[in-house]
Amino acid sequence: MRCGNSKVGAFTPCSGCGLDPAAYGTDRELQARSMLLSDRYLPGGELEELGRKLRKGEPVTYDAGLLAQITEELRTQKLPILSRTSSGGSVVLWTAVGAALVLAVALLLMWRLRGF
Ligand SMILES: [Zn+2]
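The working numbering puts the sequence shown at residues 212 to 327.
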């Protein structure tokens with residue numbers, strides 16, 4: 212995002228300049244720019260083109276509307292931020308707990324509907 216080096220994942224530290232978006236805990240706009248500079252939002256050659264510009268030190272323009280949208284999604288946690296202190300584990304846990312609960316209720320209902 213800063214030096215134009217390609218990296219895997221929007222929130223992984225950059226091997227080129229060491230910029231780590233996840234370390235910018237509350238800087239949603241910086242994280243949104245990182246997110247925008249991924250093949251998720253820039254498929255095809257667009258991302259490479261922006262990478263070339265960054266490497267040459269040319270100004271890069273970001274889609275302001277898209278940036279605002281991503282910033283908002285990050286703020287409302289619709290997009291998971293993969294950082295070392297990620298809370299993703301607990302989300303998976305609660306999803307599993309919820310699924311187990313639904314399954315238990317469904318089994319109970321089926322058992323009752325079949326009649327004693
Ligand atoms: Zn970099």
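Think of the CB as a built atom: it goes at the ideal place given N, C-alpha and C, for glycine as much as any other residue.
*Does the Cβ of G227 lie closer than 7 Å to at least one heavy atom of ligand 1?*
yes
*Pick helix, strand or coil for R325, following the three-state DSSP scheme.*
coil
*So is Q242 buried or exposed if we call it buried at 16+ other beta carbons inside 10 Å?*
buried
*For S217, collect the residues of the same chain with a Cβ closer than 7 Å to its Cβ; drop the 5 residues on either side in sequence, then sort them by chain order.*
Cβ neighbours of S217 beyond the five flanking positions: G262.
*Look at R244 and L278 and say whether their C-beta atoms are less than 8 Å apart.*
With a cutoff of 8 Å on beta-carbon distance, R244 and L278 are scored as near each other.
*Where in the segment 238 to 315 do unbroken runs of the beta strand (DSSP E), each at least 3 residues long, occur, reported from the N-terminal end onward?*
With a minimum length of 3 residues, no continuous beta strand (DSSP E) run stays inside the segment 238 to 315.
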